[in-house]
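Quick notes on the structure that follows.
Protein chains: 2
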Amino acid sequence: MRAGPSQEDIRRHNLGALLRHVHLGGPISRAELTSRMGLNRSTIMALTSDLTAAGLVREELPRETGRAGRPSLVVRPESARVYVFAFDVGPDRLAVARVGLGGVILDRRETTRERGKFVLDELTGALSGFARQMRRKTRDDTVCVGAAAAVSGGVRKADGVVRFSPNLLAEEIPFGEELGRRLGLGLPVSVGNDANLGALAEHSRGVGAAVRDLIYLHGDVGIGGGIIAGGHLLGGHDGYGGEVGHMVVNPGGRACGCGSHGCLEAEVGERALLEAAGRIGPGQHGRDAVRAVVEAADRGDIGAQDALKKVGDWLGLGVANLVNIFNPEMVIFGGILREIYLGSAARVRSQLALHAMAPQRERLRLRTASLGDAAPLVGAAELAFANVLADPLEVLARANA
Amino acid sequence: MRAGPSQEDIRRHNLGALLRHVHLGGPISRAELTSRMGLNRSTIMALTSDLTAAGLVREELPRETGRAGRPSLVVRPESARVYVFAFDVGPDRLAVARVGLGGVILDRRETTRERGKFVLDELTGALSGFARQMRRKTRDDTVCVGAAAAVSGGVRKADGVVRFSPNLLAEEIPFGEELGRRLGLGLPVSVGNDANLGALAEHSRGVGAAVRDLIYLHGDVGIGGGIIAGGHLLGGHDGYGGEVGHMVVNPGGRACGCGSHGCLEAEVGERALLEAAGRIGPGQHGRDAVRAVVEAADRGDIGAQDALKKVGDWLGLGVANLVNIFNPEMVIFGGILREIYLGSAARVRSQLALHAMAPQRERLRLRTASLGDAAPLVGAAELAFANVLADPLEVLARANA
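In the order they appear, the protein sequences are chains A and B. Counting along the first sequence from 1, when you hit position 73 you're at 73 in my numbering, and nothing is skipped either side. Counting along the second sequence from 1, when you hit position 383 you're at 784 in my numbering, and nothing is skipped either side.
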């Protein structure tokens, strides 16, 4: 119940809204902006001219109009000039990308890591090292306007501390603060849960674009989730919302890393599938091992088929619960859940028919993630761009200072 | 990504915001409004004077200031003059209230009904009959600005049709439209799920006031839920969000009215408790029967104690799942779940400790509903007031026309 906005607030809002159109939708004509934003032509011209002067967008004649008369100028994001750093700290790999305004991945480094302890110093050292390498290759007129990291764990909203990360074996890690210090860019590093950021990515640029109510399920070693409700990421009171992997679907079932039993993660995760398929032993982990089970099932391997059926049933029950609770428009399967879902879609659907209420599921779409492994990285970039979209000129002025 | 607001939008926003302060917070001085809304004194004066002229608020000298100098005028809602009709259609009873601006229940009628078929004609006849009785008793200068109904069932967001209502045995009922016709006030009747509206009520005026992330669980014949996430009611894609009663907690467990097995509703609802306590037979249903079990357990009845333990364990598991998924600040138990929770709080808490992740539960508060059986009615009134709070002068002008 705050007061109404001032003229300055309105201008900032409009600048951000225009920049968001260009950032998410790509090059767009002034005429189209006028119609989509419901503002008059002179206001659009003033806004684009401010953003152009700040070096955030540029205006160009369209290549081909096919129409008579003076063509409307096209507004493009300055993707090569304005960028953010996005980081992804997964259980098996580290990835860093330099992402230009408009969501263009300009440069990207990746390395595998051994599963295990989260050594803050080593991690931030490796990540900032990659970032420095990339920066050395940029032109002088480029400007970094933000940085954000995706972490497979729970991130406290209040201060960005990684509060728990069963698969990283870490607790209470001031990760963003430390990475920001190592980067030395004078920028804070926002931190988010990888599945939450994956949801944001699929919602912004993936299969869930324009979908206001979606659930993104990400399988890795564990199962994470990100929920977009009414167009907003569900964070919860402290930022730990979306931990659907620890919903108990099978009371008294398989032991889970969290200490409970029968969690979705315990029944559907990588280990559950590989053990059910009798594929245990050295080297039997990761995406390739999961793919091998699905491929074996395709070839008619009964053991692999049974394992997929079992895991697919639990996945379907978990999805049915979420559908009853959220009434989403779309459920998206990412990470290893993409493969598991594709290998067990019939079982998932039949569980949905059994356990989800008809009105909740009749308009539901089940989809696989379209951004693949890049989803958390893309989501981290969106998180990093949030500030510049909220107040374009101020953030640019600070970055250029 | 709409355009920024016009001056007229800002004025409308500010009028609504001021009226919302008075409606939810009660009488408040102009000085306090100035400070809370961050607007200057002359703007506040202009806004209150507009609302006063429309007959929505009145300004009075405070009774006692205890301070020297000219006291700041106090702005009060015109509760006796501006009102809405709120309806609650439960499985066992019908309730109608005339609720004044500020949330004052001015008049209320209630009747029990036999469980069973939803006869649209009889229901809307009874409800509109009560409303007419109440209207005959109002003064000439009163004005009805809205109407809304709480229904125990799923309500389609797009058109307010009651899509399913297992406990009312109804499907595809154009309830709001029909009730609006029978009322003959020229006003549309908004319709919402009773547990959703209960959540809204506890969030607006109950134990969850100022809590932005809460889950309200309502037990009646079935178990309903309402979720406030980030300050907003979670509706889902079609409006069926919050059906937590059909989350499966015990696969292969007790048969549920929805066709599935082991739903929270099947394991924790009225029938589950009464059957576990061996209290089946004629007359063994409703709130009194549930209370009798809790009271017997208090007196040392082993059968009743065991029944409460069993039901409390499933309730705790369900709550743990929701806590992992939502990371709420508060879970509120209403309807018969109030009694069941009070009789089994230790079991609920121990299940939470087992199955909810520590960061998710460490700041969690478990509470009983503070509005009691009136919650859906209070929530329906808030739904009915939503229009007048969004555009006070326009809605008043229409209502007076």
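Where a beta carbon is used, it is the ideal one built from N, C-alpha and C, also for glycine.
Any chain B beta carbon closer than 8 Å to residue i
i: ASN196 (chain A); result: no
i: ASN324 (chain A); result: yes
i: GLU110 (chain A); result: no
i: ASP406 (chain A); result: Beyond the ends of chain A as shown, which are 1 and 401, falls residue 406 (chain A); an answer cannot be given.
i: ASP411 (chain A); result: The structure shown does not extend to residue 411 (chain A), since chain A is modelled only from 1 through 401, so no value can be given for it.
i: VAL22 (chain A); result: no
i: ASN400 (chain A); result: no
i: GLN305 (chain A); result: no
i: ASP213 (chain A); result: yes
i: MET134 (chain A); result: no
i: ALA199 (chain A); result: no
i: GLU243 (chain A); result: yes
i: VAL145 (chain A); result: no
i: ARG2 (chain A); result: In this predicted model, ARG2 (chain A) has a pLDDT of only 48, less than 50, meaning its place in the structure is not dependable enough to derive any value.
i: SER72 (chain A); result: no
i: PRO474 (chain A); result: Nothing can be reported for residue 474 (chain A), as the shown portion of chain A is limited to 1 through 401.
i: GLU78 (chain A); result: no
Short Cβ contact (8 Å threshold) for residue i with residue j
i: ILE616 (chain B); j: ILE624 (chain B); result: no
i: VAL189 (chain A); j: ALA147 (chain A); result: yes
i: ALA380 (chain A); j: ALA86 (chain A); result: yes
i: LEU377 (chain A); j: ALA97 (chain A); result: yes
i: VAL323 (chain A); j: LEU354 (chain A); result: no
i: ILE737 (chain B); j: ARG688 (chain B); result: yes
i: SER79 (chain A); j: GLY55 (chain A); result: no
i: VAL749 (chain B); j: GLY717 (chain B); result: yes
i: MET247 (chain A); j: CYS258 (chain A); result: no
Contacts around residue i, its chain only, beta-carbon distance under 7 Å, and the 5 residues preceding and following it disregarded
i: SER204 (chain A); result: LEU24, GLU382
i: ARG12 (chain A); result: ASP391
i: ASN597 (chain B); result: GLY627, LEU634, GLY643
i: VAL319 (chain A); result: VAL331, VAL348, LEU352
First through last residue of the beta strand (DSSP E) which encompasses residue i
i: SER190 (chain A); result: 189-193
i: MET731 (chain B); result: 731-736
i: ARG499 (chain B); result: 494-501
i: ILE227 (chain A); result: 223-229
i: SER566 (chain B); result: 563-566
i: LEU507 (chain B); result: 505-513
i: THR769 (chain B); result: 766-769
i: GLY219 (chain A); result: 214-219
i: GLU460 (chain B); result: 458-461
Range of the contiguous alpha helix (DSSP H) that encloses residue i
i: LEU524 (chain B); result: 521-537
i: ALA697 (chain B); result: 687-699
i: HIS414 (chain B); result: 408-426
i: VAL833 (chain B); result: Lying before the first or after the last residue shown, residue 833 (chain B) is absent from chain B, which here runs from 402 to 802.
Neighbourhood of residue i by C-beta, 6 Å cutoff - its chain only, sequence neighbours within 5 removed
i: ARG403 (chain B); result: Any reading at ARG403 (chain B) must be qualified, since the residue scores a pLDDT of 48, below 50, and its modelled position is unreliable; no value is offered.
i: ARG431 (chain B); result: ILE445, SER473, LEU474
i: ARG108 (chain A); result: ALA97
i: MET134 (chain A); result: ARG98, ASP107
i: ALA600 (chain B); result: TYR617, GLY627, ILE629
i: ARG20 (chain A); result: LEU389
i: SER49 (chain A); result: none
i: GLY632 (chain B); result: ARG613
Top-ranked residue by Cα proximity to residue i, from the options
i: ARG505 (chain B); options: B:LEU474, B:ALA775, B:GLN761; result: The question names Arg, but residue 505 (chain B) is Val in the sequence shown. Closest option to VAL505 (chain B), Cα to Cα, is B:ALA775.
i: ALA158 (chain A); options: A:VAL244, A:LEU366, A:ASP238, A:ARG20; result: A:ASP238
i: LEU507 (chain B); options: B:LEU521, B:CYS545, B:GLY470; result: B:CYS545
i: SER745 (chain B); options: B:VAL789, B:SER436, B:ASP699; result: B:ASP699
i: ARG692 (chain B); options: B:GLU763, B:SER771, B:GLY620; result: B:GLY620
i: VAL155 (chain A); options: A:LEU366, A:GLY236, A:GLY230; result: A:GLY236
i: THR138 (chain A); options: A:LEU120, A:VAL84, A:ASP92; result: A:VAL84
i: ASN722 (chain B); options: B:ALA610, B:ALA454, B:GLY684, B:GLN752; result: B:GLN752
i: LEU772 (chain B); options: B:LEU588, B:PHE734, B:ARG762, B:GLU668; result: B:PHE734
i: VAL622 (chain B); options: B:GLY607, B:LEU586, B:HIS686; result: B:HIS686
i: ALA386 (chain A); options: A:ALA201, A:VAL331, A:GLY206; result: A:ALA201
i: GLN761 (chain B); options: A:GLY69, A:PRO27, A:ARG70, A:GLY153; result: A:GLY153
i: LEU584 (chain B); options: B:MET758, B:LEU524, B:GLU409; result: B:LEU524
i: GLY607 (chain B); options: B:ALA770, B:GLY646, B:ILE574, B:PHE727; result: B:ALA770
Closer than 8 Å to chain A by CB, residue i
i: PHE531 (chain B); result: no
i: PHE576 (chain B); result: no
i: LEU718 (chain B); result: yes
Cutoff 8 Å; reference residue i; Cβ partners in own chain excluding five residues on either side
i: ALA149 (chain A); result: ALA86, PHE87, ASP88, VAL89, LEU127, PHE175, GLY176, LEU179, VAL189, SER190, VAL191, GLY192, ALA380
i: ALA690 (chain B); result: GLU671, LEU675, ARG680, GLY684
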